[in-house]
Amino acid sequence: MERKPILCLDFDGVIHSYTSGWQDADVIPDPPVPGAIAFLREAVDHFRVAIFSSRSHQPGGIEAMKDWLGRWVLEEDPFDVAWVNAIEWPTEKPPALVTIDDRALTFDGTWPSMDVLRDFKPWNRGGERG
Numbered sequence: 023m024e025r026k027p028i029l030c031l032d033f034d035g036v037i038h039s040y041t042s043g044w045q046d047a048d049v050i051p052d053p054p055v056p057g058a059i060a061f062l063r064e065a066v067d068h069f070r071v072a073i074f075s076s077r078s079h080q081p082g083g084i085e086a087m088k089d090w091l092g093r094w095v096l097e098e099d100p101f102d103v104a105w106v107n108a109i110e111w112p113t114e115k116p117p118a119l120v121t122i123d124d125r126a127l128t129f130d131g132t133w134p135s136m137d138v139l140r141d142f143k144p145w146n147r148g149g150e151r152g
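What follows is the structure, given as structure tokens:
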């Protein structure tokens, strides 16, 4: 059996819309980014999906993310929820084939200027969309 590659996803700003900003590791008040649940559902068929966040290291963070995701998956399709059990919740950054994160640059061998780094904004705060 071929082992699936790891797809690592950040949580806040990628899966969770994060419109209210940071409140605490176990406080997740906002809905998903549009399309996030359907994307995750499809991704588990092709990848080992790992959700890794700054919440992952904090007390209650992983449980809060799991609970939040479970609620939204149930709301979207209460008859198709078993796939959520395939999602992994690492406490350290996994060796992923690719990572999706709203606060990252793709390194192409050229170092960015300090101005580019200082001026960076995630997509949901007015930054460029990939």
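Start counting the sequence shown at 23; every next residue gets the next number (my numbering). From the three backbone atoms N, C-alpha and C, an ideal C-beta is built for every residue, glycine too.
Discussion item. Using DSSP's beta-bridge definition, name the partner residues of Thr121.
Written reply: Looking up residue 121 in the sequence shown gives position 99. Answer is Cys30.
Item to complete: Specify whether the stretch 93–105 and the stretch 140–148 touch according to this definition: at least 3 beta carbon pairs, one from each stretch, less than 8 Å apart.
Response: no
Practice prompt. Sort out for me which residues DSSP pairs Ile73 with in a bridge.
Written response: Here residue 73 corresponds to residue number 51 of the sequence shown, with the count starting at 1. Ile73 is bridged to Leu31.
Worksheet item: By how many angstroms is the C-alpha of Glu64 removed from the C-alpha of Asp48?
Response: For the purposes of this step, residue 48 is taken as residue 26 along the sequence shown, with counting starting at 1. For the purposes of this step, residue 64 is taken as residue 42 along the sequence shown, with counting starting at 1. C-alpha separation (whole angstroms): 26 Å.
Fill in: C-beta atoms of Pro116 and Leu127 nearer than 8 Å
Numbered from 1 along the sequence shown, position 94 holds the residue referred to as residue 116. Numbered from 1 along the sequence shown, position 105 holds the residue referred to as residue 127. Not in contact: Pro116 and Leu127 (Cβ atoms no closer than 8 Å).
Worksheet item: So what does DSSP say about His79, is it helix, strand or coil?
Response: Residue mapping note: residue 79 aligns to position 57 of the sequence shown, counting from 1. In the structure shown, His79 falls within a helical segment according to DSSP collapsed to helix, strand and coil.
Worksheet item: Alpha carbon to alpha carbon, what distance is there between Gln45 and Gly92?
Response: Sequence index remark: in the sequence shown, residue 92 carries index 70 (1-based). Sequence index remark: in the sequence shown, residue 45 carries index 23 (1-based). Note on geometry: alpha-carbon atoms of Gly92 and Gln45 lie some 20 Å from one another.
Worksheet entry | Residues bridged to Val49 (per DSSP) | Start at 1 with the first residue of the sequence shown, and residue 49 comes out as number 27. Per DSSP, Asp46.
Fill in: Contact between the stretch 26–43 and the stretch 73–87 (3+ Cβ pairs under 8 Å)
yes
Discussion item. For a quick check, are the C-beta atoms of Pro53 and Ser39 less than 8 Å apart?
Written reply: By one-based count along the sequence shown, residue 53 stands at place 31. By one-based count along the sequence shown, residue 39 stands at place 17. One thing to note: Pro53 has its Cβ within 8 Å of the Cβ of Ser39.
Worksheet item: Helix, strand or coil: which one does DSSP assign to Glu150?
Response: Within the sequence shown, numbered from 1, the residue matching residue 150 stands at position 128. Coil at Glu150, not helix or strand.
Worksheet item: Measuring CA to CA, which of Leu139, Ala58, Gln80 and Asp141 is closest to Val71?
Response: Position 49 of the sequence shown, counted from the start, is the residue given in the question as residue 71. Among Leu139, Ala58, Gln80 and Asp141, the Cα nearest to that of Val71 is on Ala58.
Worksheet item: In the structure shown, what three-state DSSP assignment does Glu85 receive?
Response: Residue 85 sits at position 63 when you count from the first residue of the sequence shown. DSSP places Glu85 in the helix class (H, G or I) of the three-state scheme.
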